[in-house]
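Take a look at the structure below.
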Amino acid sequence: MASDLLGKYLVRRLGDQVLALPITEVEAYDGFKDLASHASRGITERNAPMFEGGGVWYVYFVYGMHHMLNIVVGEKDYPAAILIRGVGDISGPARLTSFLKIDKSFNTKGAKRQSDLWIEDRGEDLVPKKILKTARIGVSYAGPVWSKKKYRFLIREN
DNA sequence: TAAGTGATCTCT
DNA sequence: GAGATCACTTAA
Numbered sequence: 002m003a004s005d006l007l008g009k010y011l012v013r014r015l016g017d018q019v020l021a022l023p024i025t026e027v028e029a030y031d032g033f034k035d036l037a038s039h040a041s042r043g044i045t046e047r048n049a050p051m052f053e054g055g056g057v058w059y060v061y062f063v064y065g066m067h068h069m070l071n072i073v074v075g076e077k078d079y080p081a082a083i084l085i086r087g088v089g090d091i092s093g094p095a096r097l098t099s100f101l102k103i104d105k106s107f108n109t110k111g112a113k114r115q116s117d118l119w120i121e122d123r124g125e126d127l128v129p130k131k132i133l134k135t136a137r138i139g140v141s142y143a144g145p146v147w148s149k150k151k152y153r154f155l156i157r158e159n
């Protein structure tokens, strides 16, 4: 479940520093039928990481300037990933990758400490979190059905 | 609201 | 190889 990521921490090691920021916003891209997903037309060189099974990063470059960070989920050969759109006070998937210096060097890498970018469940959220569900952002190309699926999840209002 | 920017995808 | 598109951001 994509919303399970909300409240977990995205941890980034940058040299001596380790930054841990709570995940506040995500979007799910699920399977071949999801017309908003890069994998809806099958495997390509770019989306191949989505087919590798859970636990690896899928990082790609769009609009000539922005990197997007996804964590691959699901079984091998079934394309599914969760786009991390917000952490801490940073909102927007490209701002997040810019701030944490995440680029394609993480693509296909395991989300483990050794890769200097991973996810931790710190179980600190004692307060029940309010999860909002909305349609995904920037996917109007996906047609009337899939562009409206409520696959975007976020904590806290505003 | 539109420009910026370049990788990638889908045809020829 | 060419043309279109794009899971966005910023400045106006």
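The numbers in our numbering rise by one with no breaks, and the one at position 112 of the first sequence is 113. From the three backbone atoms N, C-alpha and C, an ideal C-beta is built for every residue, glycine too.
As an exercise, report each continuous beta strand (DSSP E) stretch of at least 3 residues that is fully enclosed by the region 109 to 155, in chain order.
Runs of the beta strand (DSSP E) inside the region 109 to 155: 118 to 121 and 132 to 135.
Tell me, please, whether the region 8 to 18 touches the region 35 to 42 by the rule of three or more beta-carbon pairs shorter than 8 angstroms.
Taking 8 angstroms as the limit for Cβ pairs, the verdict is that the region 35 to 42 does not touch the region 8 to 18.
When the Cβ atoms of the region 20 to 32 are set against those of the region 82 to 96, are three or more pairs found closer than 8 angstroms?
Contact between the region 20 to 32 and the region 82 to 96 is present, because at least three Cβ pairs lie under 8 angstroms.
Taking 8 angstroms as the cut-off, decide whether the C-beta atoms of residue 59 and residue 51 are in contact.
Yes, Cβ-Cβ distance for residue 59 and residue 51 is below 8 angstroms.
Considering only their Cβ atoms, is the gap separating residue 24 from residue 11 smaller than 8 angstroms?
Yes. Within cutoff.
From residue 79 to residue 61, what distance separates their C-alpha atoms?
Their backbone Cα atoms lie some 19 angstroms apart in a straight line.
Residue 100 lies in the alpha helix (DSSP H); which residues open and close that run?
Start and end: 94 to 100.
Nearest to residue 118 by CA position, among 103, 99 and 92, is which residue?
Ranking 103, 99 and 92 by Cα distance to residue 118 puts 103 first.
By the three-class DSSP mapping on this structure, what secondary structure does residue 69 have?
Correct three-state label for residue 69: strand.
In angstroms, rounded to a whole number, what distance separates the CA positions of residue 53 and residue 46?
Cα to Cα, residue 53 sits roughly 12 angstroms from residue 46.
Report the start-end ranges of each beta strand (DSSP E) in the region 33 to 77 that is 3 residues or longer and not cut off at the edges.
Those beta strand (DSSP E) runs which fall completely within the region 33 to 77 and span 3+ residues are 58 to 63 and 67 to 73.
Roughly how many whole angstroms lie between the Cα atoms of residue 6 and residue 148?
Whole-angstrom Cα-Cα distance: 22 angstroms.
When you compare the CB positions of residue 112 and residue 57, do they come within less than 8 angstroms of one another, or not?
In this structure, residue 57 lies closer than 8 angstroms to residue 112 by Cβ.
Using CA atoms only, rank isn't needed, just tell me which of 132, 130, 153 and 101 is closest to residue 139.
Nearest of 132, 130, 153 and 101 to residue 139, Cα basis: 153.
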